[in-house]
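Number of protein chains: 2
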Amino acid sequence: MSPLFEIHPRLKADCIHLGRFELCQLLMMNDSQYPWFILVPEMADITEIHQLSAENRHLLADESNYLAENIARIFKADKLNIAAIGNLVAQLHVHHVVRYQTDRAWPAPVWGKFTAVPYSDEQLAEQLELVKELL
Amino acid sequence: MSPLFEIHPRLKADCIHLGRFELCQLLMMNDSQYPWFILVPEMADITEIHQLSAENRHLLADESNYLAENIARIFKADKLNIAAIGNLVAQLHVHHVVRYQTDRAWPAPVWGKFTAVPYSDEQLAEQLELVKELL
């Protein structure tokens, strides 16, 4: 981990911390409308994927792939939406959103669409049970 | 190229074909509001990055990185937005959008935001001149 790395306060406030892979921390958005996961490479001052070293870019691609494959299966996704946007929080973070043709925002992207609906304690416990095999 | 591969008609209609890399075709959205490029891996029937082989995933990551690095420099981007969404066009394609804090949609994502404003012939000629070094 890069010595000055800290997860951006906005991501901390909006997400539940699930754990860490080799390069990235794994967060889950506290929004019960969609299974929504975020990878944050533990590197200070990085805002774009192309600022990572080739080795770390491949690690990010591998961790993204592992996450994508597993959440698609666990949640029986109709589609995944994978994106590095960062217009509001510049710290590099990569969204992995499970989408259903029946979800509230479909077919629009989820960003900036609806206010988050936090998980209830019971929903959160269920969700954590579903994803514990990721780590 | 996979024998049955064809670029989706909607992408063909919305984009200008710029050329091809080893794995992907390179398109530019015909929308003068943002410099907006799309990589389409030449593989039939692929809708998610994790359906690609490990080799092709790394190629895609490398081509995405090459494109990102260069368009960030050429267009002096404030931010890049890189995304595989595919809710409307399922064929795997990866958006690379150059964003400015002064662009019309900022800080919202561009997808589904405003109707495209096609390039004039003169604007298009200028844009093609700027990006010809990519290929």
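Protein sequences appear in the order of chains H and U.
Following the working numbering, the numbering of the first sequence begins with 1 at its first residue and continues without gaps.
Following the working numbering, the numbering of the second sequence begins with 1001 at its first residue and continues without gaps.
A virtual CB, placed ideally from N, CA and C, is assigned to each residue, including glycine.
Check	Outcome
When you compare the CB of isoleucine 46 of chain H with every CB in chain U, is at least one pair closer than 8 Å?	no
Would the segment 1023-1031 of chain U and the segment 89-96 of chain H be scored as touching if the rule is three or more Cβ pairs under 8 Å?	no
With 9 Å as the limit, tell me which residues of the segment 1120-1133 of chain U have their beta carbon closer than that to any beta carbon of chain H; keep them in chain order.	none
Using a 10 Å radius around the Cβ and a threshold of 16 neighbouring Cβ atoms, would you call serine 64 of chain H buried or exposed?	buried
Output yes if chain U places a C-beta closer than 8 Å to the C-beta of histidine 17 of chain H; else output no.	no
How many angstroms separate the CA atom of serine 1120 of chain U from the CA atom of alanine 1105 of chain U?	21 Å
At the 8 Å Cβ level, is lysine 1079 of chain U part of the contact set with chain H, yes or no?	yes
Alpha carbon to alpha carbon, how far is tyrosine 1100 of chain U from lysine 1076 of chain U? Give it in angstroms, no decimals.	9 Å
Between asparagine 81 of chain H and proline 109 of chain H, is the Cβ-Cβ spacing less than 8 Å?	yes
Who are the Cβ neighbours of arginine 1057 of chain U in its own chain at under 8 Å, not counting the five residues just before and after it?	Ile1049, His1050
Give the secondary structure of arginine 104 of chain H by DSSP, where H, G and I count as helix, E and B as strand, and everything else as coil.	coil
Quick check: the Cα distance between alanine 1044 of chain U and histidine 1008 of chain U, rounded to an integer number of angstroms?	10 Å
What's the gap between the Cα of cysteine 15 of chain H and the Cα of methionine 28 of chain H?	5 Å
Can you name the start and end residues of the beta strand (DSSP E) that asparagine 1081 of chain U belongs to?	1079-1084
Within 10 angstroms of its Cβ, does proline 35 of chain H collect 16 or more other Cβ (buried), or is it exposed?	buried
Straight-line CA distance for glutamate 42 of chain H to leucine 4 of chain H?	9 Å
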